[in-house]
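Asker: Below is one structure. I have some questions about it.
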Amino acid sequence: MKNKRKIILLVILLLTLIVLGVLLFLNLNKEDKKTNINTDAVKFKEEYESLNGSEVENGYAYPEVALEDNNPFVYTSVNDAIKALENGTGIIYFGYSSCPWCRNAVNVLQHVNINEILYVDTKNIRDTYEVIDGVLTKTKEGTDGYYKLLELLDSVLEDYLVDGISTGEKRMYVPLVVGVKEGEIVGFHEATVDLNDGQTAYDALTDDQQEELKDVYDEIISKVNANVCDIDSDQGC
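All residue numbers in the sequence shown are consecutive under our numbering, ending with 232.
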C-alpha cells in the first residue's frame, strides 16, 4: 500500500514538473519574441533616422523620419513575406530607407492601430530595365523571391514601363502596403498621396496629407481585422 502511494506521489510530482517545464518554455518563447520585436523596432528606427539631413545627388535632402522606440516594424525575409501572402494574415510594408516616399510613409504608418507590420527591404531585390541605343534592355536581374512576389501581387501591381515602353512585367513600386487575411489580399496602397503644387517627394507631408494617408492605412487594417462573416451570405460564418 505504501509503495503504491509512493508511486502515485512520484507520478504526480513528475506530471507537475512537466507542466511547469512546458509553461516556462512557452513563457520564455513569448519573451524572446517580444525581445526580437523590440530589437527590430530599434534597428528600423536607426536605419531610417540615420539618413535624416543627408543630401542626395540632386541637391535635395532626405525627408526627416521620427520613429517611436516601440514602433511596429518587424524585419521580414522575402520568403516569409511570400508565406504570409499565401496563407497568412497581417500587414506587409515593402520599401527601403533611402526612398523618399517610403520615409514619409513610415512616419504615418507607425501610428496605425496594429501591433506588428512586416517589413521587406526591396532595395536590392528588384530587376531593372533601361533603354540603351533605343533597345529595352534588362540591366539587373531580380531575385527569385522578387519574381514570386510579382506573381502573388499581380492583381495590385502596375505595369513596368520604361520611357513608355512595356517590359512585359509588373513592377513593385514602393512604398507598398498590403493587407492580407488568410492568404487573400484585402487591401493595398502604393506611394503616399497626391502632392501639392511645388511639393516634391523630398518634402515632408503636410498635416492634412498625413491624415489622408493614415485614413487609407486605417481602412486597410480594418479589412484585415474585420470579421470574416458576410451578412449577405447564406452559408453562415
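Idealized CB from N, CA, C, for every residue including glycine.
Just verifying my parser: in three-state terms, what is the DSSP assignment at Ser161?
Answerer: Stepping through the sequence shown from its first residue, residue 161 is reached at position 166. DSSP places Ser161 in strand when its eight states are reduced to three.
Asker: Over what stretch of residues does the alpha helix (DSSP H) that includes Glu81 continue unbroken?
Answerer: Taking the sequence shown and counting its residues from 1, one reaches residue 81 at position 86. Here the alpha helix (DSSP H) through Glu81 covers Val73 to Asn82.
Asker: Can the beta-carbon of Gly178 be found closer than 8 Å to that of Val219?
Answerer: Position 183 of the sequence shown, counted from the start, is the residue given in the question as residue 178. Position 224 of the sequence shown, counted from the start, is the residue given in the question as residue 219. Their beta carbons are not under 8 Å apart, which means Gly178 does not touch Val219 by this criterion.
Asker: Taking Cβ to Cβ, would you say Gly140 is nearer than 8 Å to Arg121?
Answerer: For the purposes of this step, residue 140 is identified with residue 145 of the sequence shown, where counting begins at 1. For the purposes of this step, residue 121 is identified with residue 126 of the sequence shown, where counting begins at 1. The answer is no: Cβ separation not under 8 Å.
Asker: What are the boundary residues of the alpha helix (DSSP H) that Ile127 is part of?
Answerer: On the sequence shown, residue 127 is found 132 positions in, with the first residue counted as 1. First-last for Ile127: Thr123 to Ile127, but that is the beta strand (DSSP E), not the alpha helix (DSSP H).
Asker: I'd like to know whether the C-beta atoms of Asp149 and Lys165 end up nearer to each other than 8 Å.
Answerer: Counting from 1 along the sequence shown, the entry for residue 149 is found at position 154. Counting from 1 along the sequence shown, the entry for residue 165 is found at position 170. Against a cut-off of 8 Å, the Cβ pair of Lys165 and Asp149 comes out as a contact.
Asker: According to the Cβ coordinates, are Val169 and His184 closer than 8 Å?
Answerer: Here residue 169 is taken as the residue at index 174 of the sequence shown, counted from 1. Here residue 184 is taken as the residue at index 189 of the sequence shown, counted from 1. For Val169 and His184, no; Cβs fall outside 8 Å.
Asker: Decide if the region 101 to 117 is in contact with the region 52 to 72; the criterion is three or more beta carbon pairs, one per stretch, under 8 Å apart.
Answerer: Counting Cβ pairs under 8 Å, three or more are found: they touch.
Asker: Report the residue ranges of all alpha helix (DSSP H) runs contained in full by the region 95 to 155; include only those spanning at least 4 residues, in chain order.
Answerer: If we require 4 residues or more, the alpha helix (DSSP H) runs fully inside the region 95 to 155 come out as 95 to 104 and 139 to 147.
Asker: Just confirm the distance between the C-beta atoms of Asn102 and Val60, as a whole number of angstroms; I'd bet it's less than 8 Å.
Answerer: By 1-based counting over the sequence shown, the position of residue 102 is 107. By 1-based counting over the sequence shown, the position of residue 60 is 65. Contact flag correct, Cβ pair sits at about 6 Å.
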